[in-house]
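Since the structure comes first, as structure tokens, the remarks are kept for the end.
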């Protein structure tokens with residue numbers, strides 16, 4: 002089930018994005034980026050529609066995924 006990011010409380014959304022970024026592991030890019038920069042990138046992806054928030058009833062969990070990866 003898709004959850005519009007706008008429907009989530011601002012503090013909850015911030016925590017969800019931080020959890021997602023930290024769970025994704027090490028960034029192997031050319032230069033290390035701060036947590037704040039990574040969170041801002043994910044927020045921009047949500048705002049642009051490149052990423053969406055989904056709730057899995059089966060696993061009772063929330064995740065952020067690329068927009069085209071769900072049906």
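Numbering (our numbering), first residue to last: 2 to 72. Even glycine gets a Cβ: it sits at the ideal position worked out from N, Cα and C. The structure displayed is predicted, hence computed values, not measured ones.
Where residue i falls: helix, strand or coil (DSSP)
{"i": "residue 57", "result": "strand"}
{"i": "residue 35", "result": "coil"}
{"i": "residue 18", "result": "helix"}
Supposed close pair residue i, residue j - CB separation, criterion 8 Å
{"i": "residue 18", "j": "residue 55", "result": "Not a contact, Cβ separation roughly 14 Å."}
{"i": "residue 6", "j": "residue 59", "result": "Not confirmed; about 22 Å, so no contact."}
Which listed residue (the options) has its alpha carbon closest to that of residue i
{"i": "residue 15", "options": "67, 41, 2 and 25", "result": "41"}
{"i": "residue 51", "options": "37, 39, 36 and 70", "result": "70"}
Inter-residue spacing [alpha-carbon to alpha-carbon] between residue i and residue j
{"i": "residue 34", "j": "residue 22", "result": "11 Å"}
{"i": "residue 12", "j": "residue 31", "result": "31 Å"}
{"i": "residue 53", "j": "residue 2", "result": "10 Å"}
{"i": "residue 20", "j": "residue 4", "result": "17 Å"}
{"i": "residue 45", "j": "residue 39", "result": "10 Å"}
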